[in-house]
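J.:
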Amino acid sequence: MASDSKPETQERIGVYVCHCGTNIAGVVDVESVAKFATEALKDRGVVLARDYTFMCSVAGQELIEQDIHAQQLTRVVVAACSPHLHEKTFRGVCERSGVNPYLSELASIREQVAWVHTDKTAATAKAKAIVSGTVERVLKNDPLEAIRVPIDAQTLVVGGGIAGIQAALEVAEAGYDVFLVEREASLGGHMAQFDKTFPTLDCAACILTPKMAAAGSHPKIHLFTWSEVEKVEGYVGNYTVTVKKKPRYVDEEICTGCGICVEKCPIMVVDDKFEAGIGYRKAIYWPFAQAVPNLPVLDTETCTYYVGGKGGCKACEKFCPTVPNAIKFDQTEERVTLRVGNIVLATGWDLFDARRIPQYGYGRLPNVFTNLELERMCNAAGPTGGKVVLRDGQTAPRRVGIVHCVGSRDRNYNRHCSAICCMQSLKTAHLVKERTGAEVYNFYIDIRTPGKEYDEFYQRILDDGVHFVRGKVAEVTDIPLDPAEASRNGAGTLYIQVEDTLAGMQRRIPVDMVVLASGLEPRRDSSEVGKTFGIACSSNGWFIEKHAKMDPIATMTEGVFVAGCAGGPKDIPASVSQGSAAAARVLNYIRQGELALEPVRASVLEEQCSGCRICNGLCPFNAISFIAERKVSEINAALCQGCGTCVAACPAGAIQGTGFSNEQLFAQIEGLLRDFSREPEVV
Amino acid sequence: MSTASTQTPFEPVIIGFTCNWCSYRAADLAGTARIKYPPNVRLIRVMCSGRIDPTFVLKALSEGADGVLIAGCHPGECHYLEQNYKALRRHRLLQKTLAQFGIEPARVRLTWASAAEGALFAAEIAAMVDEVRQLGPLNWPARPVPVATAPAEIPKLSEVAA
Numbered sequence: 001m002a003s004d005s006k007p008e009t010q011e012r013i014g015v016y017v018c019h020c021g022t023n024i025a026g027v028v029d030v031e032s033v034a035k036f037a038t039e040a041l042k043d044r045g046v047v048l049a050r051d052y053t054f055m056c057s058v059a060g061q062e063l064i065e066q067d068i069h070a071q072q073l074t075r076v077v078v079a080a081c082s083p084h085l086h087e088k089t090f091r092g093v094c095e096r097s098g099v100n101p102y103l104s105e106l107a108s109i110r111e112q113v114a115w116v117h118t119d120k121t122a123a124t125a126k127a128k129a130i131v132s133g134t135v136e137r138v139l140k141n142d143p144l145e146a147i148r149v150p151i152d153a154q155t156l157v158v159g160g161g162i163a164g165i166q167a168a169l170e171v172a173e174a175g176y177d178v179f180l181v182e183r184e185a186s187l188g189g190h191m192a193q194f195d196k197t198f199p200t201l202d203c204a205a206c207i208l209t210p211k212m213a214a215a216g217s218h219p220k221i222h223l224f225t226w227s228e229v230e231k232v233e234g235y236v237g238n239y240t241v242t243v244k245k246k247p248r249y250v251d252e253e254i255c256t257g258c259g260i261c262v263e264k265c266p267i268m269v270v271d272d273k274f275e276a277g278i279g280y281r282k283a284i285y286w287p288f289a290q291a292v293p294n295l296p297v298l299d300t301e302t303c304t305y306y307v308g309g310k311g312g313c314k315a316c317e318k319f320c321p322t323v324p325n326a327i328k329f330d331q332t333e334e335r336v337t338l339r340v341g342n343i344v345l346a347t348g349w350d351l352f353d354a355r356r357i358p359q360y361g362y363g364r365l366p367n368v369f370t371n372l373e374l375e376r377m378c379n380a381a382g383p384t385g386g387k388v389v390l391r392d393g394q395t396a397p398r399r400v401g402i403v404h405c406v407g408s409r410d411r412n413y414n415r416h417c418s419a420i421c422c423m424q425s426l427k428t429a430h431l432v433k434e435r436t437g438a439e440v441y442n443f444y445i446d447i448r449t450p451g452k453e454y455d456e457f458y459q460r461i462l463d464d465g466v467h468f469v470r471g472k473v474a475e476v477t478d479i480p481l482d483p484a485e486a487s488r489n490g491a492g493t494l495y496i497q498v499e500d501t502l503a504g505m506q507r508r509i510p511v512d513m514v515v516l517a518s519g520l521e522p523r524r525d526s527s528e529v530g531k532t533f534g535i536a537c538s539s540n541g542w543f544i545e546k547h548a549k550m551d552p553i554a555t556m557t558e559g560v561f562v563a564g565c566a567g568g569p570k571d572i573p574a575s576v577s578q579g580s581a582a583a584a585r586v587l588n589y590i591r592q593g594e595l596a597l598e599p600v601r602a603s604v605l606e607e608q609c610s611g612c613r614i615c616n617g618l619c620p621f622n623a624i625s626f627i628a629e630r631k632v633s634e635i636n637a638a639l640c641q642g643c644g645t646c647v648a649a650c651p652a653g654a655i656q657g658t659g660f661s662n663e664q665l666f667a668q669i670e671g672l673l674r675d676f677s678r679e680p681e682v683v
Numbered sequence: 684m685s686t687a688s689t690q691t692p693f694e695p696v697i698i699g700f701t702c703n704w705c706s707y708r709a710a711d712l713a714g715t716a717r718i719k720y721p722p723n724v725r726l727i728r729v730m731c732s733g734r735i736d737p738t739f740v741l742k743a744l745s746e747g748a749d750g751v752l753i754a755g756c757h758p759g760e761c762h763y764l765e766q767n768y769k770a771l772r773r774h775r776l777l778q779k780t781l782a783q784f785g786i787e788p789a790r791v792r793l794t795w796a797s798a799a800e801g802a803l804f805a806a807e808i809a810a811m812v813d814e815v816r817q818l819g820p821l822n823w824p825a826r827p828v829p830v831a832t833a834p835a836e837i838p839k840l841s842e843v844a845a
């Protein structure tokens, strides 16, 4: 196309090429790109092109505003950074100057050109092609209006651990209703199981239970414990959530929490949940002493009445002193529908199952424990009353080995670092030494103590005389190498085989007790939970945040936020911070009252729709339905998320996708391919 | 690029379709991490790989591209839950069609890149550029039979009949 030809369009496009200091200008010949736009793209409606040091600066923005007024620009192309960074900035410039914000485009010549290429000629040619493609695209842009949706002021928080409690309290304190849904019978989460918290060694219960009580008694927080979210429908500001309340067999309204039923229940079972398998509970039980709400729950799998086919025992019912009786054997599942505007997912983590590493002997060698078992053991309210003892329940260990990175930083299991185990192991070392006077060995790959006062704590543990061996443990065994080793160490000794990588030698250390620092894993059902809430998990199973750095709380689904370990391993301060941050985001939306959404939506042109229904099954959000009377398909704009799959699939071209229409994309392809070396270079 | 060879090596032009959430962000990350890759690929952003109409690919090839890269989120990580699987199916089908046209299926590559995989995405681009360079120019526009792509260019039945 000749450069002196008359513009083929009435549109007046301004093209702005950003230097980004030397970020772009150091590799791309920005002046040449601007010159190219004015000359070669004149026929495409470009009336002016400028290059400027920082387009995003106030001066840069004013430059565009002035041009829009002085040159009557109708569309704007900025060639600078990624639209994910400054698209909003330049849309704002257009809006302020009376041009529809969606008539602007940001072409990424920094992330896609200057930062990734070194050959200046090739980089400049590519930048020109990108500008050409963007100019073609912007010509096909339609003026759009943001979709505005009202925000329901009620909030759903899923997960009653510390992150969820924090989020719920912050939103409730601001005066808005919160529904706090917890799968277990009590709030508290994993933190309630811990004894001391690093690095300050204050007791977990002392700092957590007041928060649990505050959440439990807050007039704006509506608790749904022993409940799960079953279904989520709708979109930001307007979610309809179905919560399944599992039967407790105890009437929440009537029960006073006196505990006589628990006392009278004759059945004692191993508590593999709260007490991590080293303590016991009754068949009707509180998860733990400070449970919120203070209501017992009946376990039908162990209760004599249920095991015996609904007959016998009923001791709990007989002894219940409240009138009417609070024990309800006929209680059934209940479903509650909630309307909320925002959702905070604080669903936490699962402990890595140490049985998966057979050479460490957990589940096979009695005196190999997990860190969670040790937490319960150290806890004064735990099964051993705070005594650190071997599996026999009485012998104090004289030598204890703590194995770091069990199931973490290990390509056989999880590649991620569980972030808390180093500090937790240091804390365990301290508590064990303090309570038993045992020799304590830590076997580590690296010691990671990046938090506030964390490394100071490490130094303190070093000063305590705890031994540190740098190396990944190869094996924990109870089989001595020879009779001499057996007689030297006595029966029941465990041997830790490890390569000391600092000393460059093999070590074999005899101990009485081994503690495995099992790592944090995503919840086993995280992918199904993610599907329920319409958010995605990364390949390792943690929920994906909108941006790992710049938006670590939000998710790709507007109005769904992630806090705490659901998004990846975190310590308590980080989980609390994220709970607060999620609340801040929710409150921001609530106070705005309504939210502007990207107007990227699909719609059906009825007169072109043949009613073939190919699109019907493609929508994962069930936004497309078939209208039988008119024999056409229809898209619910409120449910449509704008992926465009139906647009691509419609054989009749009857589905339009705003923002990414066929016309825009065809034009961009033409533009991108128009100015290659096959055409004469513009000088 | 300056080698002793007198002949300029063939540099393919590749159009890359990336999804807004994963692969476009992988490209962003490759940029912020300053990971270098060959300048032969020009990217187009769509919201989801499920948006990629096979005619976009044919359009790009017919307009002069030597190859087309389609990049979506990893299976199971799609922002729209499962639409990348639709891209996968279309890609399979398209490759069969291309083979029947006599176009090497390797010219249209499908890949997955998460927002964290800038390095992987850059490596994928480099590998594809190499592969298409080996294949040589497609040169579709210069082929004797013009290919109609946009529905608008197809004459109406009434006109043909007349």
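So the sequences go chain by chain: A and B. Note that the working numbering gives residue 94 to position 94 of the first sequence, counting from 1, and the numbers run on in steps of one. Each position in the second sequence, counted from 1, maps to that position plus 683 in the working numbering. Glycine included, each C-beta is placed from N, C-alpha and C at the ideal position. This structure is a prediction, so every number in the text was calculated from the model and none was measured.
1. Would residue 310 (chain A) and residue 250 (chain A) be called neighbours here (beta carbons separated by less than 9 Å)?
2. How big is the Cα-Cα spacing for residue 411 (chain A) and residue 797 (chain B)?
3. For the beta strand (DSSP E) holding residue 477 (chain A), just list the boundary residues, first then last.
4. When you compare the CB positions of residue 223 (chain A) and residue 293 (chain A), do they come within less than 9 Å of one another, or not?
5. Going by Cα to Cα distance, which pick from A:279, A:270, A:296 is closest to residue 260 (chain A)?
6. Specify, as a first and last residue, the run of the beta strand (DSSP E) that residue 622 (chain A) falls within.
7. Can you tell me where the alpha helix (DSSP H) holding residue 714 (chain B) begins and where it ends?
8. Please work out which residues of its chain come closer than 7 Å, Cβ to Cβ, to residue 124 (chain A), disregarding the five sequence neighbours upstream and downstream, and give them in chain order.
9. Round the Cβ separation of residue 791 (chain B) and residue 777 (chain B) to the nearest angstrom and send it over; I've been treating them as touching at under 8 Å.
10. Just how far apart, CA to CA, sit residue 63 (chain A) and residue 648 (chain A)?
11. Is the shortest distance between the beta-carbon of residue 44 (chain A) and the beta-carbons of chain C less than 9 Å?
12. Taking 9 Å as the threshold (beta carbon to beta carbon), is residue 715 (chain B) in contact with chain A?
13. Can you tell me where the alpha helix (DSSP H) holding residue 206 (chain A) begins and where it ends?
14. Using 8 Å as the cut-off, can you tell me whether the region 633-641 of chain A makes contact with the region 600-615 of chain A, which would need three or more C-beta pairs spanning the two stretches below that distance?
15. Residue 713 (chain B): which of A:8, A:117, A:93, A:589 sits nearest, CA to CA?
16. Residue 303 (chain A) and residue 283 (chain A) - do their beta-carbons sit closer together than 9 Å?
17. Could you tell me the distance, in whole angstroms, from the CA atom of residue 641 (chain A) to the CA atom of residue 256 (chain A)?
18. Hey, out of A:102, A:174, A:108, whose CA is closest to residue 147 (chain A)'s CA?
19. Taking residue 508 (chain A) as the reference, give the member of A:532, A:364, A:477, A:79 with the closest Cα.
20. What do you reckon, are the CB atoms on residue 618 (chain A) and residue 766 (chain B) nearer than 9 Å?
21. Can you tell which of A:330, A:479, A:323, A:574 has its C-alpha closest to the C-alpha of residue 253 (chain A)?
22. Rounded to whole angstroms, what is the Cα-Cα separation between residue 559 (chain A) and residue 504 (chain A)?
23. Taking DSSP as the reference, what is the three-state secondary structure of residue 121 (chain A)?
24. Applying the criterion that 16 or more other CB atoms from any shown protein chain within 10 Å of the CB defines a buried residue, is residue 71 (chain A) buried or exposed?
25. Where does residue 744 (chain B) fall in DSSP's three states?
26. Does the beta carbon of residue 775 (chain B) sit closer than 9 Å to a beta carbon anywhere in chain A?
27. Of the residues B:787, B:726, B:737, which one's Cα is nearest the Cα of residue 706 (chain B)?
28. Touch check for the region 619-631 of chain A and the region 168-179 of chain A: three-plus C-beta pairs under 8 Å?
29. What's the C-alpha gap between residue 787 (chain B) and residue 521 (chain A)?
30. Measuring only between beta-carbons, confirm whether residue 539 (chain A) sits less than 9 Å from chain B.
31. Residue 345 (chain A) to residue 232 (chain A), Cα distance in whole Å?
32. Is the separation between the beta-carbon of residue 171 (chain A) and that of residue 157 (chain A) shorter than 9 Å?
33. Under 7 Å, CB to CB, which of the residues in the region 616-644 of chain A have a partner in chain B?
34. Which residues, taken in chain order from the region 111-124 of chain A, show a beta carbon closer than 7 Å to some beta carbon of chain B?
35. Specify, as a first and last residue, the run of the beta strand (DSSP E) that residue 176 (chain A) falls within.
36. Let's test the definition: count the other Cβ atoms within 10 Å of the Cβ of residue 268 (chain A) and tell me whether it reaches 16, buried, or not, exposed.
T.: Looking at the coordinates:
1. It is not a contact, given that the beta carbons lie outside the stated cut-off.
2. Cα to Cα, the separation comes out at about 19 Å.
3. 473-477
4. yes
5. A:296
6. Careful: residue 622 (chain A) lies outside any beta strand (DSSP E) and carries neither H nor E.
7. 706-715
8. 28, 29, 32, 33
9. 6 Å
10. Distance between the alpha carbons of residue 63 (chain A) and residue 648 (chain A) is about 39 Å.
11. The question asks about chain C, but that chain is absent: this structure's protein chains are A and B.
12. yes
13. 204-217
14. yes
15. A:117
16. yes
17. 47 Å
18. A:102
19. Of A:532, A:364, A:477, A:79, the residue nearest in Cα terms is A:477.
20. yes
21. When only C-alpha atoms are compared, the closest one is A:323.
22. 53 Å
23. helix
24. That one is exposed.
25. Residue 744 (chain B): helix per DSSP, three-state reduction.
26. no
27. B:726
28. no
29. 44 Å
30. yes
31. 13 Å
32. yes
33. 618, 620, 641, 642, 643, 644
34. Under the 7 Å Cβ criterion, the region 111-124 of chain A contributes 111, 112, 115, 116, 117, 118, 119, 122, 123.
35. Element bounds for residue 176 (chain A): n/a, residue is neither H nor E.
36. exposed
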